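Notes to accompany the following structure.
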Amino acid sequence: MPQRLSPEEILDRLISFPTVSRDGNLDLVSWVEDYLASHGIESHRVPDASGRKAALFAHAGPLREGAVVLSGHTDVVPVDGQDWTSDPFTLTLRDGRYYGRGTCDMKGFDALAIWALVEAAARGVRRPLQLALSYDEEVGCIGAPAMIEAMHRALPAGGPVIVGEPSSMQVVTAHKGSHGYRTRVIGHEVHSSLLHRGVSAIMQAARLIQWANEANALSASAPPSEVAALFDPPWTTVHVGMIRGGTAANITARECHFTMDMRILPDEDPEDWHERYMDQVRRVERDMQAVHRQARIEVEANFGVPGLRPEPDGAAEALARRLTGDNGTHVVSYGTEAGQFQQAGHSAVICGPGSIEQAHQADEFISVAQFRAGRAFMERLLDMLREE
């Protein structure tokens, strides 16, 4: 008879795999695959193009539609340069907290979801349960869309999705979308005393960055919509986080590179924001080429994550509120895979143990109390699935 591990034992194993996004996650995926197989649960891999990473999903219970889907990601952020007091890839219990990279974001929930799937198979449920574990969430929610598509092909259609990002077990019903751009401005070098004959890539990039400042000011001054009013701040934000360029103080810069990210309200159209930015890019580029025809601007959209919209009478929200008793209104400004599930036709909500304030920090932790609250949530879910 195979051993059924406790949530704490599963968490210990998951933390031991250093699944930093820049590296692979296949050791963790293989372990989960083998553990589920030992309990008679078939799982499915969805590899990435490199073959170094994979998503994994599985189904327990009767082969019918309407499963509750528990969704988490397997990747974690790096520990480079952080001052940890214990090994980040060894689960450490200290002062009522489990320390380790990913304990909060979000292997704590992953462990509980894997445990619940095995328990669903062992106890017998009338309504099925599905597990969805992605990769590369931390670098733009890259791995989830292919996984969701593969789930739709391989399994009976799932129903409400609970994305277990750390929310202190509060029911989060909306978040902003996030879209990122890399912009490369190519100018024309001359001595700075002949500025009018050159095109400074830095000075032209500054015009695009000023557009971001003006867009923020305009958005902040507009009356917020009903959805926007839920957020802090109650508007779409445009942010430039990194910039580099130039070769010398007295030469007009040939190149300037900068990153831009937009945190877009879920009731606004990301394509509209994209076009607004590209309109400004085209205006600046025309002015540059009037001085030197080979000057140009290259824009690469490097990630795009849809927002999670509030759902009137949403099935996922109703389920999560039933299991937690939380009837408050909670939204977040960071992105998750919940919007991708919603975009694919699922009702989705965010609800998971731990505080987002601990995510990505040195000595990341999840409190024992929060982990136990997560287990109690899963116990109530299992009871419900047995009754339905």
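In terms of our numbering, the sequence shown opens at residue 165 and continues consecutively. By construction, the Cβ of each residue, glycine as well, lies at the ideal position given by its N, Cα and C atoms. This one's a predicted model, so the numbers in the text were calculated from it and none came from an experiment.
8 Å Cβ cutoff, residue i in contact with chain D
i: residue 426; result: Among the chains of the structure shown, chain D does not appear; only one protein chain is present.
Nonlocal neighbours in the same chain, by C-beta distance under 6 Å from residue i, ignoring five residues either side
i: residue 181; result: 191, 192
i: residue 289; result: 225, 549, 550
i: residue 216; result: 188
i: residue 473; result: 430
i: residue 426; result: 343, 402, 437
i: residue 388; result: 398
i: residue 507; result: 470
i: residue 383; result: 399, 400
i: residue 542; result: 276, 280
i: residue 538; result: 276, 517
Proximity of residue i and residue j at Cβ, strictly below 8 Å
i: residue 296; j: residue 233; result: yes
i: residue 116; j: residue 511; result: Coverage of the chain is limited to positions 165 through 552, which leaves residue 116 absent and any answer about it impossible.
i: residue 515; j: residue 488; result: yes
i: residue 220; j: residue 197; result: yes
i: residue 532; j: residue 262; result: yes
i: residue 469; j: residue 336; result: no
i: residue 106; j: residue 299; result: Examination of residue 106 is not possible in this model, given that the chain is present from 165 through 552 alone.
i: residue 108; j: residue 201; result: Nothing about residue 108 can be reported from this structure: the residues present for the chain run from 165 to 552 only.
i: residue 455; j: residue 347; result: no
i: residue 530; j: residue 183; result: no
i: residue 334; j: residue 477; result: no
i: residue 366; j: residue 410; result: yes
i: residue 194; j: residue 332; result: no
i: residue 307; j: residue 212; result: yes
i: residue 442; j: residue 368; result: no
Same chain, Cβ closer than 8 Å to residue i, five either side skipped, listed in chain order
i: residue 327; result: 235, 236, 500, 501, 502, 505, 512, 513, 514, 515, 516
i: residue 408; result: 420, 421, 422
i: residue 449; result: 459, 460, 461
i: residue 206; result: 200, 222, 223
i: residue 260; result: 531, 532, 533
i: residue 525; result: 246
Coil, strand or helix - residue i by DSSP
i: residue 198; result: helix
i: residue 538; result: helix
i: residue 203; result: coil
i: residue 326; result: strand
i: residue 372; result: helix
i: residue 529; result: strand
i: residue 409; result: strand
i: residue 457; result: coil
i: residue 193; result: helix
i: residue 493; result: coil
i: residue 419; result: strand
i: residue 486; result: helix
i: residue 445; result: helix
i: residue 287; result: helix
i: residue 255; result: coil
i: residue 282; result: helix
i: residue 545; result: helix
i: residue 473; result: coil
Same chain, Cβ closer than 7 Å to residue i, five either side skipped, listed in chain order
i: residue 249; result: 527
i: residue 380; result: 401, 402
i: residue 545; result: 232, 280, 487
i: residue 444; result: 372, 375
i: residue 318; result: 208
i: residue 243; result: 252, 265
i: residue 404; result: 373, 376, 422, 423, 424
i: residue 552; result: 290, 291
i: residue 312; result: 504, 505, 508
Whole-Å CB distance - residue i paired with residue j, under 8 Å assumed
i: residue 171; j: residue 276; result: 5 Å
i: residue 224; j: residue 175; result: Their Cβ separation, rounded to whole angstroms, is 19 Å, which puts residue 224 and residue 175 out of contact at 8 Å.
i: residue 523; j: residue 251; result: Actually they do not touch by this definition, with Cβ atoms about 19 Å apart.
i: residue 509; j: residue 341; result: Actually they are not in contact, since the Cβ atoms of residue 509 and residue 341 sit about 17 Å apart, beyond 8 Å.
i: residue 320; j: residue 432; result: About 34 Å; that fails the 8 Å criterion.
i: residue 434; j: residue 343; result: 6 Å
i: residue 294; j: residue 322; result: 5 Å
i: residue 285; j: residue 203; result: 6 Å
i: residue 498; j: residue 339; result: 6 Å
i: residue 324; j: residue 483; result: 5 Å
i: residue 417; j: residue 357; result: The pair is not a contact, with the Cβ atoms about 15 Å apart (cut-off 8 Å).
i: residue 185; j: residue 329; result: At roughly 16 Å, the Cβ-Cβ gap does not stay under 8 Å, so residue 185 and residue 329 are not in contact.
i: residue 355; j: residue 415; result: 7 Å
Residue i - partner residues in DSSP beta bridges
i: residue 465; result: 345
i: residue 268; result: Paired residues: none, contrary to the question.
i: residue 294; result: 223, 233
i: residue 208; result: 221
i: residue 427; result: 342, 401
i: residue 512; result: 325
i: residue 352; result: 363
i: residue 240; result: 184
i: residue 263; result: 256, 529
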